[in-house]
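Engineer: The sequence shown lines up with residues 0 to 646 when you count with numbering that gives the first Met the number 0.
Glycine included, every Cβ here is placed at the ideal spot set by N, Cα and C.
Let me begin by handing over the structure; questions about it come next.
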Amino acid sequence: MTQKTMIIEQLGEEELLRPSLVNTALAANDRIKYYFTLLQAARAHAENPAAECSNLRGEREAAGENNALLDRVVEGSELISTGIYKIPHAEEIMSSLRTCLEEMADPILRNDHGHPEELLQRLETLTAGLPSGEYGTVPLEAIQAITAGKRTEGDSIHILVMDMHRALNAMQVKLSRETINGARTYLLTAEDREMVEAFMEGLNRTAPLKFDHPGLGTTATRSGKRLVIQNDIGMTDAHVLVVTIEGATVSITYTDIHMPRLQFFQGLFEGWHVRWHDTVSKTADSRFEQEVYHLSVGTYQAQDADELKRFLDHLGSRIVFMIDWNRARKRLRNFVRNSDAIGILSWAAHNNIGHRAWLQLGGESLIYGALESVTGAAVRPGEPLHQIIGRENAVNYLKWVLDTTKNSLVANHSLLLVRDEIKAELQRYFRSVNEELLSLIEEHTYLAFDVATAVRDSLLSIQRSCDKACIERSARRAKQWETRADDIVNTVRSLSMRMEAPDIFSHLISVTDDVCDYLEEACFYITLIPNGGPATPIHKNLTNLAEIALRGSQEFIKVIIAAQYIYRGGGRMEMKTFLESVDRIISLEQVADEELRECHKTILRESADHRDLWLYSEIAQNIENSTNAQRKSSHLMRDIIMEKIIR
Numbered sequence: 000m001t002q003k004t005m006i007i008e009q010l011g012e013e014e015l016l017r018p019s020l021v022n023t024a025l026a027a028n029d030r031i032k033y034y035f036t037l038l039q040a041a042r043a044h045a046e047n048p049a050a051e052c053s054n055l056r057g058e059r060e061a062a063g064e065n066n067a068l069l070d071r072v073v074e075g076s077e078l079i080s081t082g083i084y085k086i087p088h089a090e091e092i093m094s095s096l097r098t099c100l101e102e103m104a105d106p107i108l109r110n111d112h113g114h115p116e117e118l119l120q121r122l123e124t125l126t127a128g129l130p131s132g133e134y135g136t137v138p139l140e141a142i143q144a145i146t147a148g149k150r151t152e153g154d155s156i157h158i159l160v161m162d163m164h165r166a167l168n169a170m171q172v173k174l175s176r177e178t179i180n181g182a183r184t185y186l187l188t189a190e191d192r193e194m195v196e197a198f199m200e201g202l203n204r205t206a207p208l209k210f211d212h213p214g215l216g217t218t219a220t221r222s223g224k225r226l227v228i229q230n231d232i233g234m235t236d237a238h239v240l241v242v243t244i245e246g247a248t249v250s251i252t253y254t255d256i257h258m259p260r261l262q263f264f265q266g267l268f269e270g271w272h273v274r275w276h277d278t279v280s281k282t283a284d285s286r287f288e289q290e291v292y293h294l295s296v297g298t299y300q301a302q303d304a305d306e307l308k309r310f311l312d313h314l315g316s317r318i319v320f321m322i323d324w325n326r327a328r329k330r331l332r333n334f335v336r337n338s339d340a341i342g343i344l345s346w347a348a349h350n351n352i353g354h355r356a357w358l359q360l361g362g363e364s365l366i367y368g369a370l371e372s373v374t375g376a377a378v379r380p381g382e383p384l385h386q387i388i389g390r391e392n393a394v395n396y397l398k399w400v401l402d403t404t405k406n407s408l409v410a411n412h413s414l415l416l417v418r419d420e421i422k423a424e425l426q427r428y429f430r431s432v433n434e435e436l437l438s439l440i441e442e443h444t445y446l447a448f449d450v451a452t453a454v455r456d457s458l459l460s461i462q463r464s465c466d467k468a469c470i471e472r473s474a475r476r477a478k479q480w481e482t483r484a485d486d487i488v489n490t491v492r493s494l495s496m497r498m499e500a501p502d503i504f505s506h507l508i509s510v511t512d513d514v515c516d517y518l519e520e521a522c523f524y525i526t527l528i529p530n531g532g533p534a535t536p537i538h539k540n541l542t543n544l545a546e547i548a549l550r551g552s553q554e555f556i557k558v559i560i561a562a563q564y565i566y567r568g569g570g571r572m573e574m575k576t577f578l579e580s581v582d583r584i585i586s587l588e589q590v591a592d593e594e595l596r597e598c599h600k601t602i603l604r605e606s607a608d609h610r611d612l613w614l615y616s617e618i619a620q621n622i623e624n625s626t627n628a629q630r631k632s633s634h635l636m637r638d639i640i641m642e643k644i645i646r
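Printed below as a string of structure tokens:
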């Protein structure tokens with residue numbers, strides 16, 4: 000105890016000592032947490048010496064422990080017998096732990112409120128059980144007894160420290176003599192106030208985004224050479240942010256029970272060159288590997304006071320996005336992949352939107368309600384949205400939802416209006432997917448029409464002049480069109496996975512592609528027809544069959560165009576055009592059947608040899624097969640449209 004402390008006590012003005020005592024106690028709390036981590040890490044390394052380990056230097060410096068020799072403790076620890084560990088500097092660690100416990104208890108025991116007698120009894124009982132650390136040995140039971148955090152398993156040093164820390168925080172709030180932009184402060188210098196103002200300016204700028212959720216309480220004090228700012232973030236005991244500023248150096252100590260959230264927090268400082276030390280996993284239980292929370296220390300070196308203020312402003316503005324973060328991530332994972340969920344939350348933080356409004360207005364229930372309304376059927380919880388409307392669309396839609404719910408809550412819009420807006424936007428995504436699919440199928444249909452035209456024109460060329468170069472050129476172009484059509488098939492199959500019934504459009508494009516394949520095959524066989532000689536009845540019959548296939552392709556184009564109008568909300572005329580074109584395709588297929596029979600008769604009668612018989616039969620059969628595929632495609636398209644009308 001210093002002379003000033005003694006004289007103040009003698010004068011009976013002990014109240015003046017309390018801020019300093021609380022500061023000392025909170026600093027002791029930081030060192031105790033470091034000792035807990037050091038003992039646990041030492042035990043872990045002793046049990047598994049081959050595993051990588053951290054020397055905890057960053058944690059030591061952040062805790063204000065000046066003994067650099069402790070950086071060798073973890074690496075030097077070993078298991079010397081069952082349940083017995085040799086830990087370097089164990090005696091010093093245990094002695095420091097006792098001292099820090101006494102420093103933490105001091106201001107609480109001086110306080111008239113609470114139950115200091117009970118605290119004193121607990122302190123004496125628990126410190127009596129601490130090992131001496133003599134000869135550098137520490138038993139397993141001692142480490143477990145020190146660090147255990149389950150109240151159901153009895154009292155422990157760890158539980159006592161948590162209780163004292165809670166009491167100290169309450170005392171700190173009462174001791175505060177000044178409030179700076181909402182932060183309770185004491186013992187600050189003029190320069191400290193500027194730093195706290197910068198931090199609170201950023202925090203208050205985004206704090207409204209937590210809406211009704213409690214949290215973000217901030218205290219600031221001077222502790223020796225350091226300005227210390229603490230923020231309680233949310234309600235979780237292990238979720239704490241402590242910022243210390245010494246000169247132009249900022250040290251950020253962040254604890255969290257969720258490793259993904261800790262990593263997300265680190266990612267909020269891209270571009271600021273924060274150096275993060277090794278993240279340490281700590282446990283509230285006697286088993287090191289389970290029930291852990293994680294601690295990370297980051298350091299930022301500012302170039303001058305203005306840059307330091309800008310960094311503190313940014314740091315303060317990011318804290319609100321940690322509240323309920325893991326809850327939001329889990330809810331978003333119902334609809335998209337985990338990496339996309341984190342990406343959405345990162346985007347929302349970067350754009351100062353956040354996720355709290357979405358959670359407050361219903362979270363995932365808003366999306367499920369919209370899905371049921373748009374699809375006309377109940378959607379199972381956990382059914383990924385990205386499999387219904389596609390990954391990119393799902394991510395963009397969820398970003399829009401987070402932004403819309405934030406704006407709606409700020410503007411005090413009704414929940415009914417918010418739900419209607421979310422449904423309407425989802426309907427737009429569903430409509431856009433259908434329109435994109437139908438647009439691709441329309442493009443594919445035009446390619447089939449081009450191939451059908453090449454077949455007809457090649458047969459006409461044979462009847463008129465038998466221009467072999469023209470026929471071969473048409474066959475090459477037909478092959479190029481067929482290849483392009485195959486690419487569209489692959490695109491449609493991939494895109495159709497966005498639909499609630501992906502097999503519908505995949506099946507449709509497969510059958511439609513048969514039209515193109517059969518006609519391209521016929522175009523190739525036409526190049527094999529021998530040169531010379533007048534046109535024969537066979538050529539005329541084949542040309543008639545090709546004309547039927549061409550007319551069928553024209554009608555199917557009308558089917559697809561009319562279907563697109565229907566999907567956009569077309570009326571009676573569009574439906575009439577659609578159904579009439581489907582009916583004509585069916586009729587044309589029947590005519591093609593009759594024409595194929597006539598072809599077979601003529602081929603059998605007119606063929607000069609078995610080669611002609613086989614070649615002309617293949618051409619005729621492929622053309623007729625294309626009309627069969629046209630009929631199947633029109634039936635499938637009719638089923639799709641009628642299903643939409645029914646729904």
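Give me the Cβ distance between A356 and F210, rounded to the nearest whole Å; I'm assuming they're in contact under 8 Å.
Structural biologist: Translated into positions along the sequence shown, residue 356 becomes position 357. Translated into positions along the sequence shown, residue 210 becomes position 211. Confirmed, about 6 Å.
Engineer: Put H114 into one of helix, strand or coil per three-state DSSP.
Structural biologist: Sequence index remark: in the sequence shown, residue 114 carries index 115 (1-based). It is coil, neither helix nor strand.
Engineer: Between the region 263–276 and the region 293–302, do three or more beta carbon pairs fall short of 8 Å?
Structural biologist: With a cut-off of 8 Å, the region 293–302 and the region 263–276 count as touching, because enough Cβ pairs lie within range.
Engineer: Could you have a look at V72 and say whether DSSP puts it in helix, strand or coil?
Structural biologist: Taking the sequence shown and counting its residues from 1, the one referred to as residue 72 is at position 73. Of the three classes helix, strand and coil, the one that applies to V72 here is helix, per DSSP.
Engineer: Smallest Cα separation from E245: which of A27, D191 and E471?
Structural biologist: Position 246 of the sequence shown, counting from 1, holds the residue named residue 245. Comparing Cα-Cα distances from E245 to each of A27, D191 and E471, the minimum goes to D191.
Engineer: For R332, which three-state DSSP category applies?
Structural biologist: Working through the sequence shown from its first residue, we reach residue 332 at position 333. Looking at R332 - three-state DSSP - the assignment turns out to be coil, as it is neither helix nor strand.
Engineer: Do you know how far the Cα of D512 is from the Cα of H506?
Structural biologist: To locate residue 506, count along the sequence shown from 1; it is residue 507. To locate residue 512, count along the sequence shown from 1; it is residue 513. Cα-Cα distance, rounded: 10 Å.
Engineer: Would I487 be called buried (16 or more neighbouring beta carbons within 10 Å of its own) or exposed?
Structural biologist: On the sequence shown, position 488 is the one that residue 487 refers to. With 16 or more Cβ atoms within 10 Å of its Cβ, I487 is classed as buried.
Engineer: Under the three-state reduction of DSSP, which class applies to R483: helix, strand or coil?
Structural biologist: Taking the first residue of the sequence shown as position 1, residue 483 is located at position 484. The answer is helix: DSSP assigns R483 an H, G or I state.
Engineer: In angstroms, rounded to a whole number, what distance separates the CA positions of L187 and S95?
Structural biologist: Locating residue 187 in the sequence shown gives position 188, where the first residue counts as 1. Locating residue 95 in the sequence shown gives position 96, where the first residue counts as 1. Taking the straight line joining both Cα atoms gives about 28 Å.
Engineer: What is the DSSP secondary structure of D456, counted as helix, strand or coil?
Structural biologist: One-based indexing of the sequence shown puts residue 456 at position 457. Helix at D456.
Engineer: Is it right to say W527 is buried, meaning 16 or more other beta carbons lie within 10 angstroms of its own, or is it exposed?
Structural biologist: Taking the sequence shown and counting its residues from 1, the one referred to as residue 527 is at position 528. The sequence as given places Leu at residue 527; Trp does not occur at that position. Exposed, since its Cβ has fewer than 16 Cβ neighbours within 10 Å.
Engineer: Using the DSSP secondary-structure output, state which residues sit across from W275 in a beta bridge.
Structural biologist: Stepping through the sequence shown from its first residue, residue 275 is reached at position 276. Paired residue(s): G297.
Engineer: How would you write the range of the beta strand (DSSP E) that Q229 sits in, first residue to last?
Structural biologist: As a working mapping, residue 229 is identified with position 230 in the sequence shown. Its beta strand (DSSP E) spans residues R225 to N230.
Engineer: Along the chain, where does the alpha helix (DSSP H) containing Q221 start, and where does it finish?
Structural biologist: Within the sequence shown, residue 221 is the residue found at index 222, counting from 1. Before going on, a small fix: residue 221 reads as Arg here, not Gln. From DSSP, R221 is part of no alpha helix (DSSP H) but of the beta strand (DSSP E) over T217 to S222.
Engineer: Let me check understanding here. Comparing Cα to Cα, which of L125, A141 and T124 lies closest to G132?
Structural biologist: Counting from 1 along the sequence shown, the entry for residue 132 is found at position 133. Looking at the Cα atoms, A141 is the closest of the given residues.
Engineer: Is A283 buried or exposed, if buried means 16 or more other CB atoms sit within 10 Å of its CB?
Structural biologist: Here residue 283 refers to the residue found at position 284 of the sequence shown. Low confidence applies here, because A283 scores a pLDDT of 44, under 50, leaving its location unreliable; read the following figure in that light. When all chains shown are included, A283 counts as buried.
Engineer: Rounded to the nearest angstrom, what separates H634 and W480 at their Cα positions?
Structural biologist: Taking the sequence shown and counting its residues from 1, one reaches residue 634 at position 635. Taking the sequence shown and counting its residues from 1, one reaches residue 480 at position 481. Going from the Cα of H634 to the Cα of W480 covers about 24 Å.
Engineer: Would you say A89 and T146 are within 8 Å of each other, going by their C-beta atoms?
Structural biologist: As a first step, residue 89 is located in the sequence shown; it is residue number 90 there, counting from the start. As a first step, residue 146 is located in the sequence shown; it is residue number 147 there, counting from the start. Taking 8 Å as the Cβ cut-off, A89 and T146 do not qualify as a contacting pair.
Engineer: For F310, collect the residues of the same chain with a Cβ closer than 8 Å to its Cβ; drop the 5 residues on either side in sequence, then sort them by chain order.
Structural biologist: Numbered from 1 along the sequence shown, position 311 holds the residue referred to as residue 310. Excluding residues within five positions, the ones whose Cβ falls inside 8 Å are V249, W271, Y299 and A301.
Engineer: Note down the Cα distance separating I232 from V409, rounded to an integer number of angstroms.
Structural biologist: Residue 232 sits at position 233 when you count from the first residue of the sequence shown. Residue 409 sits at position 410 when you count from the first residue of the sequence shown. Cα-Cα distance, rounded: 21 Å.
Engineer: With a 10 Å radius around its C-beta and 16 neighbouring C-beta atoms as the bar for buried, classify G570 as buried or exposed.
Structural biologist: Locating residue 570 in the sequence shown gives position 571, counting from the first residue. Label assigned to G570: exposed.
Engineer: In terms of residues, what are the limits of the beta strand (DSSP E) holding P138?
Structural biologist: Taking the sequence shown and counting its residues from 1, the one referred to as residue 138 is at position 139. Residues T136 to P138.
Engineer: Per DSSP, which one or two residues make a beta bridge with Y185?
Structural biologist: Position 186 of the sequence shown, counting from 1, holds the residue named residue 185. Bridge partners of Y185: T220.
Engineer: With a cut-off of 8 Å, do at least 3 Cβ pairs link the region 547–560 to the region 427–442?
Structural biologist: As far as the Cβ criterion goes, the region 547–560 touches the region 427–442, which means the pair count is three or higher.
Engineer: Return the CA-CA distance between E642 and K405, expressed in angstroms with no decimal places.
Structural biologist: Numbered from 1 along the sequence shown, position 643 holds the residue referred to as residue 642. Numbered from 1 along the sequence shown, position 406 holds the residue referred to as residue 405. About 37 Å.
Engineer: Can you list, in chain order, the residues of its chain whose CB lies under 7 Å from that of A453, leaving out five sequence neighbours each side?
Structural biologist: Position 454 of the sequence shown, counted from the start, is the residue given in the question as residue 453. Same-chain partners within the cutoff: S473, R476, A477 and C522.
Engineer: If distances are taken between C-alpha atoms only, which option among R330, L384, H349 and G216 comes closest to G361?
Structural biologist: Position 362 of the sequence shown, counting from 1, holds the residue named residue 361. For the residues R330, L384, H349 and G216, the minimum Cα distance to G361 belongs to R330.
Engineer: Could you give the distance in angstroms between the alpha-carbon of A591 and the alpha-carbon of Y367?
Structural biologist: Translated into the one-based positions of the sequence shown, residue 591 becomes position 592. Translated into the one-based positions of the sequence shown, residue 367 becomes position 368. Straight-line Cα distance between these residues: approximately 49 Å.
Engineer: For a test of the three-state rule: what should DSSP assign to F287, helix, strand or coil?
Structural biologist: For the purposes of this step, residue 287 is taken as the residue at position 288 of the sequence shown. In this prediction, F287 scores a pLDDT of 33, lower than 50, which makes its location untrustworthy; the coordinate-derived value is nonetheless stated afterwards. DSSP places F287 in coil when its eight states are reduced to three.
Engineer: Keeping to the same chain, check which residues put their C-beta closer than 6 Å to that of A545; ignore five residues upstream and five downstream.
Structural biologist: Here residue 545 is taken as the residue at index 546 of the sequence shown, counted from 1. Same-chain partners within the cutoff: V454, R455, L458 and I622.
Engineer: Whole angstroms is fine: what's the gap from R630's alpha carbon to V450's?
Structural biologist: Locating residue 630 in the sequence shown gives position 631, where the first residue counts as 1. Locating residue 450 in the sequence shown gives position 451, where the first residue counts as 1. The alpha-carbon atoms of R630 and V450 are separated by roughly 17 Å.
Engineer: According to DSSP, is S407 helix, strand or coil?
Structural biologist: The residue labelled residue 407 in the question sits at position 408 within the sequence shown. In the structure shown, S407 sits in a helix (DSSP, three-state: H, G or I).
Engineer: Using alpha carbons as the reference points, say which of R225, E363, D485 and E58 lies closest to T278.
Structural biologist: To locate residue 278, count along the sequence shown from 1; it is residue 279. It is E58.
Engineer: Report the rounded CA-to-CA distance for T542 versus I640, giving the unit in angstroms.
Structural biologist: On the sequence shown, position 543 is the one that residue 542 refers to. On the sequence shown, position 641 is the one that residue 640 refers to. C-alpha separation (whole angstroms): 33 Å.
Engineer: Within this structure, are the beta carbons of A447 and L518 separated by less than 8 Å?
Structural biologist: Position 448 of the sequence shown holds residue 447. Position 519 of the sequence shown holds residue 518. Closer than 8 Å, so yes.
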